[in-house]
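**Q** Using this note's numbering, read the sequence shown as starting at 34 and increasing by one per residue.
Note that CB positions come from ideal geometry on N, CA and C, so glycine has one too.
Pasting a structure below so you can have a look.
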Amino acid sequence: MATRADISGVAGLAENRDVLGAENCACAARLVAEGQAAIFGTWDPPGTCDAEKLQFFDQIRTLDKNYPGGLGSYLRNARTLLQASAGGENPLDGWVPSVPQDGFRPEVGSAEFLAYEEFGVQEVSKCCFVIPAGGLGERLGFSGVKFALPAELVTGSCVLGVYCAYLRAFQDLSEASTKHPCRLPLVIMASADTDAGIRELLARHSYFGLDEDQVTILVQEKVAALANSDALLSMAGPYKVATKPHGHGDVHFLLHSAGLVERWLGQGRKWVLFFQDTNTLYLATFLCSLGVSARHSLEVNSVAMPRKAKEAVGSIARLTHKDGRSIVVNVEYNQLEPLLKANGFAEGDVNG
Numbered sequence: 034m035a036t037r038a039d040i041s042g043v044a045g046l047a048e049n050r051d052v053l054g055a056e057n058c059a060c061a062a063r064l065v066a067e068g069q070a071a072i073f074g075t076w077d078p079p080g081t082c083d084a085e086k087l088q089f090f091d092q093i094r095t096l097d098k099n100y101p102g103g104l105g106s107y108l109r110n111a112r113t114l115l116q117a118s119a120g121g122e123n124p125l126d127g128w129v130p131s132v133p134q135d136g137f138r139p140e141v142g143s144a145e146f147l148a149y150e151e152f153g154v155q156e157v158s159k160c161c162f163v164i165p166a167g168g169l170g171e172r173l174g175f176s177g178v179k180f181a182l183p184a185e186l187v188t189g190s191c192v193l194g195v196y197c198a199y200l201r202a203f204q205d206l207s208e209a210s211t212k213h214p215c216r217l218p219l220v221i222m223a224s225a226d227t228d229a230g231i232r233e234l235l236a237r238h239s240y241f242g243l244d245e246d247q248v249t250i251l252v253q254e255k256v257a258a259l260a261n262s263d264a265l266l267s268m269a270g271p272y273k274v275a276t277k278p279h280g281h282g283d284v285h286f287l288l289h290s291a292g293l294v295e296r297w298l299g300q301g302r303k304w305v306l307f308f309q310d311t312n313t314l315y316l317a318t319f320l321c322s323l324g325v326s327a328r329h330s331l332e333v334n335s336v337a338m339p340r341k342a343k344e345a346v347g348s349i350a351r352l353t354h355k356d357g358r359s360i361v362v363n364v365e366y367n368q369l370e371p372l373l374k375a376n377g378f379a380e381g382d383v384n385g
C-alpha cells in the first residue's frame, strides 16, 4: 500500500493514535486511502483491547507481504474486477471461440507416440514437478488430504504414492538413457488446511522412495476476504480481517519468492509440469507430451481430453478477437456457455 490519507477525522483511529504509534498510524492512513475507513468505526477507545489493535496491524502487514504488489494492489484489482462483474462486463467480450485445429494428437502406442516418448526421456532430467494441493477431500467424501486417497485397488497405493513412483521411474529411465544421475524436484503447494497432513503422509511412507530434499512444500497464505464490490475488507471481529484461500495462480508467486525458479535455472532445468492432486493419469502420457514440447520448441503445452457438454471442467478453445488477435487458452466452464451464446451458438455448450 503506497498511498496515505489523514486519519485525524476517522472514527476509531483518531482517538487511538497514541496507542498505535507512528508505524501503525501510517499503515492505517494507507488503509483509509484505499477506502477502508469504515472498518475502524467499531473500535474501542484507548485502554480497551489495545493489544488486539496492535495485532490487527500485524495481520495487515502479513496480508500486505503475501500478495504481489501488496494489499493495496489486491484491493484495487479486486475492486476493478468485482465492479466489472456487477456491471455485467464480460472479460471475453470481442473474442469468438472455436475448436483448435492445430496441436498434436499422437495415438497411444503408435510409432509417433513412442518417438515423442524417446524425446521426453532425453529431456526429463531437466524437468520440475509442481502440484497445487491446498484442499481437503470433503467433496469426495474423504476427510483427509486428497493425496492420501487410494488411487487403485490392486496395491492400495495412494495418489501421492503413485506420483512419486512415476518420478522414480522417470529418474531410472533418464539415467539408463543418458548415463547421468537424475534427481527430479517435486514442489507441493499446501495450505494451512493440508500442510500438516501432507507432511505426515510423506514422513509415514519415507517420502515414497524419494530423497527428502527432493520434495519442497510451500504453504499458500490466505488473502483478505471482501464484504462488497467496493472491496471493503470483511471483518471476522472488530480487530481481525476475515481471510480465505486464494487461487492456484499463487503457485507462481511462491515459486519465485522462495527462490526456486532461480535455483532451477542455475541447475539447467528447462521444463515445469503443473498438475493437480487427484488424477494419476496425468503422468501416463507425460513423457510423450514433454517430447512434443521439446521437439517443437513449445513454451506452453496443455494436455486435453474429450469433454462432455455442460461438464464442470474447462475447455481448451481458440479465441479469435475482432481485431485479429488469436490465442489458444483454457476457458472456464462457467464462462463457456455465455461466450458461445454471445457469438451465435444459440444452443450454447452442446456436444458435437
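Grab me the residues of residue 376's own chain with a C-beta within less than 6 Å of its C-beta, minus the 5 sequence neighbours each way, in chain order.
**A** Contacts found: 129.
**Q** Where residue 127 and residue 40 are concerned, what is the direct C-alpha to C-alpha distance, given to the nearest angstrom?
**A** Roughly 44 Å between the two C-alpha positions.
**Q** Kindly indicate which three-state DSSP category residue 342 falls into: helix, strand or coil?
**A** Residue 342: coil per DSSP, three-state reduction.
**Q** Hey, which unbroken runs of the alpha helix (DSSP H) at 4 residues or more fall wholly within the segment 253-328?
**A** Those alpha helix (DSSP H) runs which fall completely within the segment 253-328 and span 4+ residues are 283-290, 293-299 and 319-328.
**Q** On the three-state DSSP scale, how would you describe residue 36?
**A** Below a pLDDT of 50, predicted positions are generally treated as unreliable, and residue 36, at 49, falls in that range; no measurement from the model is reported.
**Q** Roughly how many angstroms separate the alpha carbons of residue 303 and residue 71, rounded to a whole number?
**A** Whole-angstrom Cα-Cα distance: 49 Å.
**Q** Would you list the residues sitting across from residue 238 in a DSSP beta bridge?
**A** The partner list for residue 238 (beta bridge, DSSP) is empty, contrary to what the question assumes.
**Q** Is residue 337 closer than 9 Å to residue 382 when the C-beta atoms are compared?
**A** No, the Cβ-Cβ distance between residue 382 and residue 337 is not below 9 Å.
**Q** Give me the Cα-Cα distance between residue 162 and residue 276, rounded to the nearest whole angstrom.
**A** Straight-line Cα distance between these residues: approximately 29 Å.
**Q** With DSSP collapsed to three states, give me the class of residue 330.
**A** Three-state DSSP puts residue 330 in coil, outside helix and strand.
**Q** Using C-beta distances below 6 Å, list every residue in its chain close to residue 22, excluding the 5 sequence neighbours before and after it, in chain order.
**A** Residue 22 falls outside the range modelled here, since the chain spans only 34 to 385, and no answer is possible.
**Q** For residue 373 and residue 379, what's the separation of their Cα atoms in angstroms?
**A** Between residue 373 and residue 379, the C-alpha separation is close to 8 Å.
**Q** Does the segment 111-127 come close enough to the segment 255-271 to have 3 or more Cβ pairs within less than 8 Å?
**A** They touch, by the three-pair rule.
**Q** Would you report the Cα separation of residue 268 and residue 102, rounded to the nearest angstrom?
**A** Taking the straight line from one Cα to the other gives about 22 Å.
**Q** What residue does the alpha helix (DSSP H) around residue 106 start on, and which one ends it?
**A** From DSSP, the alpha helix (DSSP H) with residue 106 extends over 103-119.
**Q** Between the alpha carbons of residue 201 and residue 242, how many angstroms are there, rounded?
**A** Near 8 Å, if we compare the C-alpha coordinates of residue 242 and residue 201.
**Q** Kindly list the residues whose CB is nearer than 8 Å to the CB of residue 365, restricted to its own chain and excluding five residues on each side of it in sequence; keep chain order.
**A** The residues are 347.
**Q** Tell me which residue opens and which closes the alpha helix (DSSP H) that residue 186 is part of.
**A** Looking at the DSSP string, residue 186 is not in any alpha helix (DSSP H), and its letter there is neither H nor E.
**Q** Within 10 Å of its beta-carbon, does residue 413 have 16 or more other beta-carbons around it, so buried, or fewer, so exposed?
**A** This structure cannot settle anything about residue 413, because the visible part of the chain is limited to 34 through 385.
**Q** Determine, using beta-carbon pairs with one atom in the segment 169-178 and one in the segment 223-231, whether at least three such pairs fall under 8 Å.
**A** With a cut-off of 8 Å, the segment 223-231 and the segment 169-178 count as touching, because enough Cβ pairs lie within range.
**Q** What number of angstroms, rounded off, separates the C-alpha of residue 53 from the C-alpha of residue 86?
**A** For residue 53 and residue 86, the distance between alpha carbons rounds to 7 Å.
**Q** Which one of 65, 78 and 73 has the shortest CA to CA distance from residue 51?
**A** For the residues 65, 78 and 73, the minimum Cα distance to residue 51 belongs to 78.
**Q** Following the continuous beta strand (DSSP E) through residue 164, name the residue where it begins and the one where it ends.
**A** From DSSP, the beta strand (DSSP E) with residue 164 extends over 160-165.
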